[in-house]
Amino acid sequence: MFGIGMQELIIILIVALIFIGPKKLPDLAKALGKGVAQFKNAMDDVKGTFDEGIKKEVNQVKDSLLEDKKEEKAPSSPADPYATAEDKKDKPA
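Everything in the sequence shown is counted per numbering that gives the first Met the number 0, starting at 0 for the first residue and increasing by one.
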């Protein structure tokens, strides 16, 4: 958990118990838990906002590309694969 081993965690809890006291330690733990939960919720909201914006932009680009593809016209007649440049010069357009 957070790169802290069990022994380090126990030492931190003992030091907190000594400096804060047994009466205030549960209140501090509750406040810390609420703070972590609020931070997590705020980060989820920020992530959701970014994801929503990115999806909106991607959809706009995709729609634009699809419209451009629809606007492209297919050639009216296929080109003669055996025609040379000289043949094309001789024929009027």
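C-beta atoms are modelled at their ideal positions from N, C-alpha and C, and glycine is treated no differently. Remember, it's a predicted structure, so these values are computed and weren't measured experimentally.
**Request:** Throw me the rounded Cβ distance for the residue 8 and residue 15 pair, which I believe falls under 8 angstroms.
**Result:** Their Cβ separation, rounded to whole angstroms, is 11 angstroms, which puts residue 8 and residue 15 out of contact at 8 angstroms.
**Asked** What number of angstroms, rounded off, separates the C-alpha of residue 3 from the C-alpha of residue 41?
**Response** So the two alpha carbons sit approximately 25 angstroms from each other.
**Message:** What does the alpha-carbon distance come out to for the pair residue 45 and residue 59?
**Reply:** Rounded to the nearest angstrom, the two C-alpha atoms are 21 angstroms apart.
**Asked** Does DSSP put residue 52 in a helix, in a strand, or in coil?
**Response** In the structure shown, residue 52 sits in a helix (DSSP, three-state: H, G or I).
**Prompt:** Which of the three DSSP states, helix, strand or coil, is assigned to residue 71?
**Reply:** Note: residue 71 maps to coil in three-state DSSP.
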